[in-house]
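K.L.:
Could you have a look at this structure, given as structure tokens, before my questions?
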Amino acid sequence: MFKDSKAIQAGIERDKEFKDKCARNSLDIIKGTKSSYRLYTKDEVICIATAASGFTWDYQLQSHFWMLCQIENSLFGKKLYKCVDVWWFNPKWRIEKIPPGVYHVYLRHGNKNISVQYRFSHYQGVGFKADQSELPSSIVNIPFDKNQNRLINTYVATLDLSEAEGLTNIVFELFSQINLIRNYLVEGSILVPVQSLEQLPNFYFKLEVDTSLVDIDWDQKVQEIQYVIPKIHQNKNEDNEKDPSDQEKVEFDDMIAKESNKAIVERLKDMYTETWEKFDENRNGYLDKQEFRNCLKELFGKLKYPIDEAKVEQYFKKSDTYQSGQISKSQIHWLFEQIITLLMKKEEQQKEQEKINKKELELKAQNDSTHSLEDQYYDGKIKIKGSIKVQCEGKQLPAHQAENLIQKDGKWSIEACAEASIIINFEEEIEFMVFGIKSADDAPKMDPASIKLSVMKGEQFEVILSKDNLMFDERFQNRLFKPNEHAFQTTQLKIDLCSAIGEGLQLSEIMLYKQVK
Numbered sequence: 405m406f407k408d409s410k411a412i413q414a415g416i417e418r419d420k421e422f423k424d425k426c427a428r429n430s431l432d433i434i435k436g437t438k439s440s441y442r443l444y445t446k447d448e449v450i451c452i453a454t455a456a457s458g459f460t461w462d463y464q465l466q467s468h469f470w471m472l473c474q475i476e477n478s479l480f481g482k483k484l485y486k487c488v489d490v491w492w493f494n495p496k497w498r499i500e501k502i503p504p505g506v507y508h509v510y511l512r513h514g515n516k517n518i519s520v521q522y523r524f525s526h527y528q529g530v531g532f533k534a535d536q537s538e539l540p541s542s543i544v545n546i547p548f549d550k551n552q553n554r555l556i557n558t559y560v561a562t563l564d565l566s567e568a569e570g571l572t573n574i575v576f577e578l579f580s581q582i583n584l585i586r587n588y589l590v591e592g593s594i595l596v597p598v599q600s601l602e603q604l605p606n607f608y609f610k611l612e613v614d615t616s617l618v619d620i621d622w623d624q625k626v627q628e629i630q631y632v633i634p635k636i637h638q639n640k641n642e643d644n645e646k647d648p649s650d651q652e653k654v655e656f657d658d659m660i661a662k663e664s665n666k667a668i669v670e671r672l673k674d675m676y677t678e679t680w681e682k683f684d685e686n687r688n689g690y691l692d693k694q695e696f697r698n699c700l701k702e703l704f705g706k707l708k709y710p711i712d713e714a715k716v717e718q719y720f721k722k723s724d725t726y727q728s729g730q731i732s733k734s735q736i737h738w739l740f741e742q743i744i745t746l747l748m749k750k751e752e753q754q755k756e757q758e759k760i761n762k763k764e765l766e767l768k769a770q771n772d773s774t775h776s777l778e779d780q781y782y783d784g785k786i787k788i789k790g791s792i793k794v795q796c797e798g799k800q801l802p803a804h805q806a807e808n809l810i811q812k813d814g815k816w817s818i819e820a821c822a823e824a825s826i827i828i829n830f831e832e833e834i835e836f837m838v839f840g841i842k843s844a845d846d847a848p849k850m851d852p853a854s855i856k857l858s859v860m861k862g863e864q865f866e867v868i869l870s871k872d873n874l875m876f877d878e879r880f881q882n883r884l885f886k887p888n889e890h891a892f893q894t895t896q897l898k899i900d901l902c903s904a905i906g907e908g909l910q911l912s913e914i915m916l917y918k919q920v921k
């Protein structure tokens, strides 16, 4: 009697624990799986929930395509993946250790209705190719717009594994290569054991974490059950007879074809050619660990990134998906893609630095030239007397402020003008050796970027100086120019100015210097 009462009490405790788990939608990891859990529901049914974040797929490791984010009603309490902006859309994960039976499959996702293909296939180890069962996504207007950044479970299909012998592993994929997918959340899937097929399943599947969802008809039924019975590939002998290198080439070509950035494609092709010519010493089409090590040391040397033996081991283990001790082109593709991206970023940074260095050298040259001319001609500054007119993009403008151009530390400016011409009519003929302009007191963006100086010869202006890439690093800063070694005599000057960004033009002063004997 005493033993019986203890057994009864233990049973009561187990029942209480089970009911408590069901009330809380508890999750227990299924031992020996990568990311599959037992999910206890309030209906006291044990489902199989799988977190997609435990697996990898195309472009997932590149944050500009996919990014990890935290969501309020996450089932697994982990960050999940958000599709930022991608054409080749193919998230996939493996639902493991599924007992024989029939299951309604629900996709846990959010933010956007998308049109994709759902794919189911048997998984029997790395390298095994199984036939895919495929069906389109249902045409239902899911209220994602009113539940932004929250997840909703929606019906995908009914998975029939009733004829399976033992536990089954199924790969579930979402696929599209014709639609640009963006702002889409995907957390994973839930397999709900089917109690009866006499009634249509609900389109939505509610959990305790989903109580904040709005405008959802939880009792809405699916219009028709979509049955899926994944097929194991029937042509095993035919596959075994294929040359592995041919199959590898097909997979590699597919990967290259998926890459949309042409610059990356060309760099990848060059990198594969150079790497296999240099490091595949036995010419078998693969890299063993030593060849892989030598390859990585050279590539990371180009990046100027340190790489130690632990990293080599980590990258080799990640790439050697067949655990064969050697790596093919398709297996190393993920790493080469990242290295190419880093190399291109580094090259872009170097180009930007070269531009900065070139700009600094040009600025120094302009400063040095101006200082030298100031030292030589400072005492020969000419007091300009005459009239000034300004033309902007073919229209003559009022002369107000224009006289400031011939006054020390004055200012002339014109807004919303990309180009302007200043014409000075001298009271009498002048002779000058050096021409100069002075930047204004503010708004560096309105400094002229190029200048052209012309003198009147007969009845036409003749260009004697043209200077692009003008730079000023101070306000009220001079820029002096000596067109040649001979003095110019004229009664008129024309100065053509061009803005860098088209927001306007301004100067403080126009200056002329003569030779002092």
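Position one of the sequence shown corresponds to residue 405 (my numbering), numbered consecutively onward.
Cβ atoms here follow ideal geometry from the backbone N, Cα and C, with glycine treated the same way.
(1) Which value, in whole angstroms, describes the spacing of the CA atoms of I810 and L857?
(2) Assuming K918 contacts M837 (C-beta within less than 8 Å), just tell me the rounded distance between them.
(3) Mind checking A561: buried by the 16 CB within 10 Å criterion, or exposed?
(4) Taking the straight line between their C-alpha atoms, what separation do you get for G906 and D462?
(5) Can you list, in chain order, the residues of its chain whose CB lies under 8 Å from that of V490, leaving out five sequence neighbours each side?
(6) Give the straight-line distance between the Cα atoms of L901 and A824, rounded to the nearest whole angstrom.
(7) Based on DSSP bridge pairs, tell me the residues matched to L846.
(8) Taking buried to mean at least 16 other C-beta atoms within 10 Å of its own C-beta, is C473 buried or exposed?
(9) With respect to the alpha helix (DSSP H) encompassing Q361, which residues constitute its N-terminal and C-terminal limits?
(10) Contact check, N545 vs N515 under 8 Å by CB: the rounded distance?
(11) Nearest-angstrom Cα distance between G458 and M875?
(12) Let me make sure I understand the geometry here. Which of E752, D564, Q627 and I556 has the alpha-carbon closest to that of I543?
(13) Whole angstroms are fine: how far does the CA of G689 sit from the CA of E681?
(14) Output yes or no for whether 8 Å exceeds the beta carbon distance between L911 and T774.
(15) Rounding to the nearest angstrom, what Cα-Cα distance links I834 and K762 in this structure?
(16) If Y631 and N573 are in contact, beta carbons under 8 Å, what's the gap, nearest whole angstrom?
(17) With H, G and I counted as helix, E and B as strand and the rest as coil, what does DSSP make of S791?
(18) Taking only the alpha-carbon atoms, compute the straight-line gap between F493 and E591 and give it to the nearest angstrom.
(19) For V520 and S593, which I take to be in contact (beta-carbon distance under 8 Å), what is that distance rounded to the nearest angstrom?
(20) For Y614, does the three-state DSSP call read helix, strand or coil?
(21) Quick one: what's P597 bridged to in DSSP?
(22) Just verifying my parser: in three-state terms, what is the DSSP assignment at R883?
(23) Tell me the DSSP secondary structure of T562 in three-state form.
(24) Straight-line CA distance for K785 to Q893?
(25) Looking only at its own chain, which residues have a Cβ that is under 6 Å from the Cβ of T437, when we skip the five neighbours before and after it?
(26) Along the chain, where does the alpha helix (DSSP H) containing N698 start, and where does it finish?
(27) Taking all protein chains shown into account, decide if D432 is buried (16 or more other Cβ within 10 angstroms of its Cβ) or exposed.
(28) Quick check on DSSP: helix, strand or coil for L874?
(29) Can you tell me where the beta strand (DSSP E) holding Q811 begins and where it ends?
(30) By DSSP, does E655 sit in helix, in strand, or in coil?
P.N.:
In this structure, then:
(1) For this step, residue 810 is matched to residue 406 along the sequence shown. For this step, residue 857 is matched to residue 453 along the sequence shown. Rounded to the nearest angstrom, the two C-alpha atoms are 16 Å apart.
(2) By one-based count along the sequence shown, residue 918 stands at place 514. By one-based count along the sequence shown, residue 837 stands at place 433. Their Cβ separation, rounded to whole angstroms, is 6 Å, which keeps K918 and M837 in contact under 8 Å.
(3) Residue 561 sits at position 157 when you count from the first residue of the sequence shown. When all chains shown are included, A561 counts as buried.
(4) Start at 1 with the first residue of the sequence shown, and residue 906 comes out as number 502. Start at 1 with the first residue of the sequence shown, and residue 462 comes out as number 58. So the alpha carbons of these two residues sit roughly 44 Å apart.
(5) Taking the sequence shown and counting its residues from 1, the one referred to as residue 490 is at position 86. Answer for V490: Y463, F469, W470, L584, I585 and R586, listed in chain order.
(6) Start at 1 with the first residue of the sequence shown, and residue 901 comes out as number 497. Start at 1 with the first residue of the sequence shown, and residue 824 comes out as number 420. Each residue's alpha carbon lies about 5 Å from the other.
(7) Position 442 of the sequence shown holds residue 846. Looking at the sequence shown, residue 846 is not Leu but Asp. DSSP output for D846 lists no bridge partner at all.
(8) What you label residue 473 is simply residue 69 of the sequence shown in a count that begins at 1. C473 is exposed by the Cβ-count criterion.
(9) Shown here, the chain extends from 405 to 921; a query on residue 361 therefore has no answer.
(10) Here the question's residue 545 lines up with position 141 in the sequence shown. Here the question's residue 515 lines up with position 111 in the sequence shown. The Cβ separation is near 14 Å, so there is no contact.
(11) As a working note, residue 458 is residue 54 in the sequence shown. As a working note, residue 875 is residue 471 in the sequence shown. Taking the straight line joining both Cα atoms gives about 54 Å.
(12) Translated into positions along the sequence shown, residue 543 becomes position 139. Comparing Cα positions, the closest option is Q627.
(13) The count along the sequence shown starts at 1 and reaches residue 681 at position 277. The count along the sequence shown starts at 1 and reaches residue 689 at position 285. Cα to Cα, the separation comes out at about 10 Å.
(14) The residue given as residue 911 occupies position 507 in the sequence shown. The residue given as residue 774 occupies position 370 in the sequence shown. No, they are not a contact pair.
(15) Translated into positions along the sequence shown, residue 834 becomes position 430. Translated into positions along the sequence shown, residue 762 becomes position 358. Straight-line Cα distance between these residues: approximately 37 Å.
(16) By one-based count along the sequence shown, residue 631 stands at place 227. By one-based count along the sequence shown, residue 573 stands at place 169. At roughly 19 Å, the Cβ-Cβ gap does not stay under 8 Å, so Y631 and N573 are not in contact.
(17) Locating residue 791 in the sequence shown gives position 387, counting from the first residue. In this structure, S791 counts as strand in the three-state DSSP scheme.
(18) As a working note, residue 493 is residue 89 in the sequence shown. As a working note, residue 591 is residue 187 in the sequence shown. If you take the alpha carbons of F493 and E591, they lie about 15 Å apart.
(19) Counting from one through the sequence shown, the residue named residue 520 turns up at place 116. Counting from one through the sequence shown, the residue named residue 593 turns up at place 189. Not really, about 14 Å apart at Cβ, beyond 8 Å.
(20) In the sequence shown, counting from the first residue as 1, residue 614 sits at position 210. Note that residue 614 is Asp in the sequence shown, not Tyr. In the structure shown, D614 sits in a helix (DSSP, three-state: H, G or I).
(21) Indexing the sequence shown from 1 puts residue 597 at position 193. Answer is Y507.
(22) For the purposes of this step, residue 883 is taken as residue 479 along the sequence shown, with counting starting at 1. Looking at R883 - three-state DSSP - the assignment turns out to be strand.
(23) Here residue 562 corresponds to residue number 158 of the sequence shown, with the count starting at 1. Strand at T562.
(24) Here residue 785 corresponds to residue number 381 of the sequence shown, with the count starting at 1. Here residue 893 corresponds to residue number 489 of the sequence shown, with the count starting at 1. Approximately 15 Å, taken between the alpha carbons.
(25) Here the question's residue 437 lines up with position 33 in the sequence shown. If we look at T437 and ignore the five residues flanking it on each side, its Cβ neighbours are E500 and K501.
(26) What you label residue 698 is simply residue 294 of the sequence shown in a count that begins at 1. From DSSP, the alpha helix (DSSP H) with N698 extends over K693 to L707.
(27) The sequence position of residue 432 within the sequence shown is 28, counting from 1. So D432 counts as exposed.
(28) If you number the sequence shown from 1, residue 874 lands on position 470. The answer is coil: DSSP assigns L874 none of H, G, I, E or B.
(29) Within the sequence shown, numbered from 1, the residue matching residue 811 stands at position 407. No beta strand (DSSP E) contains Q811, which DSSP labels as neither H nor E.
(30) Counting from one through the sequence shown, the residue named residue 655 turns up at place 251. Its pLDDT being 46, under 50, E655 is placed unreliably by the model, and the measurement read from it follows with that caveat. Looking at E655 - three-state DSSP - the assignment turns out to be helix.
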